[in-house]
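Below: the structure, in structure tokens.
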Amino acid sequence: MIDIQHVRKVFATPDGDVVALADITLAIPTGAMVALMGPSGSGKTTLLNIIGAMDAPSSGQVTLDGISVERLDAEERAAFRRRIGFVFQRFALIATASAYENMEFALRIAGVDRTDWQRRILHALDILDMNDHAHHRPGELSGGQQQRIAVARAICIEPKILIVDEPTANLDSQRGAAVLNLFRSYAMNGTTIVMSTHDPTSEKYATDICRLRAGAIEQHHTTTLPA
């Protein structure tokens, strides 16, 4: 369960304060697949960063599985993030490491027993259809292939919460649908997924659609996962 209460985020700039999030209150149940939608600059990525404990709110409360994230110090937040899977918009892959090694690094950070690494990595690569690219470095992969490796890296740690920024941005419609179907299957098995997206196709897969504008929730409605 993710409980967000009256979260506000303000960034100080030379030209004055910029309000990225105005007053966000949102409850996300375990196993939900939430699509954060809205124009660029609406606060989607800022909200993802706060939910994923990568940033702290200026005010308000964020509770993940009973833990008040905003009360954690920097070291505690870093430890807490190890239980969360992240798919970043710009992938954040280690340029000098192969796809396989990038996934090994994620498993090491997450504290997964080394004896289980190979099984998890090969399984994730298989379901993302990236087996043949396991030993390629990011520079040897297309944008879409890097995106699929970023997804594989996130799911191989078997997180309870998955934070995803624009998961289909570099994928064609077929690959994008496959990734969204994959997320849907994880949600149906209890993983809570929160993703920002401009892709209207995502609405067909999400349990919740949350539309943001100017740092505030403009509209929020709950759907039912398709069969």
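Heads up, the sequence shown is in my numbering, so the first residue is 190 and it goes up one at a time. No residue lacks a Cβ here, since even glycine has one placed at the ideal position from N, Cα and C. Predicted model, so just to flag it, every value in this text is computed and none were measured.
Helix, strand or coil: which one does DSSP assign to residue i?
i           : result
residue 292 : helix
residue 407 : strand
residue 250 : strand
residue 338 : helix
residue 258 : helix
residue 273 : strand
What are the boundary residues of the beta strand (DSSP E) that includes residue i?
i           : result
residue 226 : 222-226
Alpha carbon to alpha carbon, how far is residue i from residue j?
i           : j           : result
residue 285 : residue 266 : 27 Å
residue 305 : residue 254 : 25 Å
residue 242 : residue 259 : 8 Å
residue 415 : residue 387 : The pLDDT assigned to residue 415 is 49, lower than 50, so where the model puts this residue is not dependable; a value taken from the coordinates is nonetheless given after this. Computed Cα separation, rounded: 20 Å.
residue 214 : residue 261 : 20 Å
residue 406 : residue 238 : 16 Å
residue 385 : residue 356 : 8 Å
residue 272 : residue 235 : 19 Å
residue 229 : residue 247 : 21 Å
residue 202 : residue 321 : 46 Å
If you check the beta carbons only, do residue i and residue j fall under 8 Å apart?
i           : j           : result
residue 358 : residue 222 : no
residue 382 : residue 353 : yes
residue 404 : residue 211 : yes
residue 196 : residue 251 : yes
residue 346 : residue 249 : no
If you count every other CB in all the chains shown that lies within 10 Å of the CB of residue i, and 16 or more means buried, which is it?
i           : result
residue 390 : exposed
residue 319 : buried
residue 397 : buried
residue 218 : exposed
residue 362 : exposed
residue 244 : buried
Identify the continuous alpha helix (DSSP H) that holds residue i and give its terminal residues.
i           : result
residue 233 : 233-240
residue 369 : 362-377
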